[in-house]
Amino acid sequence: MIIGIPKEKKDQEARVGLTPKWVKKLTMQGHTVYIEKGLAHLAGIADQQYLDAGAEILPTTEEVYLKSDMIVKLKDYMPSERNLPFKEGQIIVCFFHLGEVEPDQPMVDKLLESKVTGVSLELIQTDTGARPIIMPMSEIAGRVAVMCACQHCMLSDGGAGISLAAISGTQKPKVIILGGGTCGSAAADVVLGLHADVTIFESQYSRINQLKDLMPQANLLLWNTDECAELIKDCDVLINTIYPYPGMEYPLITREMVKTMKKKSLIVDLVGCDIIETVKYTTISDPTYVEEGVVHFGIDNLPALVPKTSSDLFASSIYPYVEAIANKGIKQACLDSKELSRSMSFVGGVLVHKDIADTHNMDYTPFDTKML
């Protein structure tokens, strides 16, 4: 199979679809791999390393798409990518993120019109409900979020001038985290390592029971709007790790609640929209803004800040699926893997995933391997 890996177009997105060691595994099995020139420059990986792994280099994104049977990328498509030369039957493997509350109708229309086959990495799900591709990136995002919070609490970065690491003889900083999943618990773990106070709001009592054994020092609370509204008045950092979903009532944190927070306190939102009313997307190049006297940080691709850590972890997570598709073809790979079948989003101009249909208020046809 001919596999293409294009450069990411999101601001400062330094992660890549596959790193050289995984490309080598594919080329040694007889597959052709094209990479776009300068693919992993931001991650400190030279093109020569890909050449040594057996890949070939193409000068533009468009040529990668035109020559490839399967595209392997990481982040969702930016508006600037809507006019790429997608081909009928071309397999695209990436985080589409089209099944969430923020719709992108033009991109959905383009993918359907092009009759590509879409594999949404965020929708790969095991029988237990775990999402094996999302989880490692979520852990990185949670940990990096606290590192960024440390920086943006400093006076030099527009913060209140506090140390998020507790200092003997002073009051402990107070951090509130919305969500106790992989991302939220990873963030809490770092906060506890700084000896700060952390409160986690979680909607599932079963998850609270799990967390109480993992981090007994944390304050673990079932979600309650009134209780959260009271606690955020005195917090130094509010971190959101909850993704909105179709049918969910949001925002959870209203503008009126934000107004009661301490001036120059910090909101870190890893989703970038909807859960906190005053949050909007920011970028790595321009990470913060101030609203209602509170510093806001809304970057949704934090693992890009540590690409040497995250790129190979991402590649190792997706490689078994990529290899299965390359060696068996998409139909047999789906027949052999329920996890892969659950991630199928577009086939031959047909929308086949309920989450994407719900987000965009569209009809869909449940995926069946007979469509391939």
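1 is the number of the first residue of the sequence shown in full-length UniProt numbering; add one for each residue after it.
All C-beta atoms, glycine included, are put in the ideal place defined by N, C-alpha and C.
Review point. DSSP state of residue 364, grouped into three classes?
Key: coil
Review point. So what's residue 50 in DSSP terms, helix, strand or just coil?
Key: helix
Point to revise | the segment 4-11 in contact with the segment 58-75 per 3-pair CB rule at 8 Å | key: yes
Check your understanding: Near residue 261, what residues of its chain come up, given a Cβ to Cβ distance below 6 Å and the 5 sequence neighbours on each side ignored?
Key -> 232 and 294
Exercise for review: Round the Cβ separation of residue 53 and residue 32 to the nearest angstrom and send it over; I've been treating them as touching at under 8 Å.
Suggested key: Not really, about 12 Å apart at Cβ, beyond 8 Å.
Check your understanding: Beta carbon of residue 49, beta carbon of residue 20: below 7 Å?
Key -> yes
Point to revise | Buried or exposed by the 16-neighbour rule on C-beta atoms within 10 Å, applied to residue 268 | key: buried
Review point. In three-state DSSP terms, what is residue 122?
Key: helix
**Study point:** Beta-carbon contacts of residue 197 that lie in its chain and below 6 Å, excluding the five residues immediately before and after
**Key:** 172 and 174
Point to revise | DSSP beta-bridge partners of residue 240 | key: 178 and 269
**Study point:** Reduced DSSP secondary structure (H/G/I, E/B, other) of residue 163
**Key:** coil
Check your understanding: How do the segment 110-125 and the segment 141-157 stand: do at least 3 beta-carbon pairs fall below 8 Å, yes or no?
Key -> no
Practice item. Can you grab the Cα-Cα spacing for the pair residue 81 / residue 12, in whole Å? Key: 16 Å
Exercise for review: Determine the extent of the beta strand (DSSP E) in which residue 461 is found, giving its start and end residues.
Suggested key: Since the first residue of the chain shown is 1 and the last is 372, residue 461 is not available in this structure.
Practice item. Could you spell out where the alpha helix (DSSP H) holding residue 309 opens and where it closes? Key: 307-328
Check your understanding: Should residue 131 be labelled buried (16 or more other beta-carbon atoms within 10 Å of its own) or exposed?
Key -> buried
Practice item. For residue 310, collect the residues of the same chain with a Cβ closer than 6 Å to its Cβ; drop the 5 residues on either side in sequence, then sort them by chain order. Key: 15, 140 and 303
Review point. Closest to residue 134 by CA distance: which of 315, 337 and 364 is it?
Key: 315
Exercise for review: With a 10 Å radius around its C-beta and 16 neighbouring C-beta atoms as the bar for buried, classify residue 152 as buried or exposed.
Suggested key: buried
Check your understanding: Is residue 252 helix, strand or coil when you go by DSSP?
Key -> coil
Review point. Would you say residue 177 and residue 166 are within 7 Å of each other, going by their C-beta atoms?
Key: no
Review point. Is it right to say residue 209 is buried, meaning 16 or more other beta carbons lie within 10 angstroms of its own, or is it exposed?
Key: exposed
Practice item. In the DSSP assignment, find the beta strand (DSSP E) that holds residue 70 and state where it starts and stops. Key: 70-72
Exercise for review: Have a look at residue 168 and residue 162 and give me their C-alpha separation to the nearest angstrom.
Suggested key: 13 Å
Check your understanding: Name the DSSP bridge partner or partners of residue 351?
Key -> 346
**Study point:** In DSSP terms, what residue 222 is bridged to
**Key:** 202
Exercise for review: Would you identify the three-state DSSP class for residue 197, choosing helix, strand or coil?
Suggested key: strand
**Study point:** Rounded separation between residue 307 and residue 235 - CA only
**Key:** 31 Å
Exercise for review: Using only alpha-carbon positions, find the residue among 107, 355 and 327 that is nearest to residue 248.
Suggested key: 355
Practice item. Classify residue 58 as helix, strand or coil using the three-state DSSP reduction. Key: strand
Practice item. Report the rounded CA-to-CA distance for residue 299 versus residue 326, giving the unit in angstroms. Key: 33 Å
**Study point:** Bridge partner(s) assigned by DSSP for residue 297
**Key:** 268 and 288
Exercise for review: Can you say whether residue 345 is buried or exposed, counting buried as having 16 or more other CB atoms within 10 angstroms of its CB?
Suggested key: buried
**Study point:** Exposure label - residue 296; buried when at least 16 CB within 10 Å
**Key:** buried
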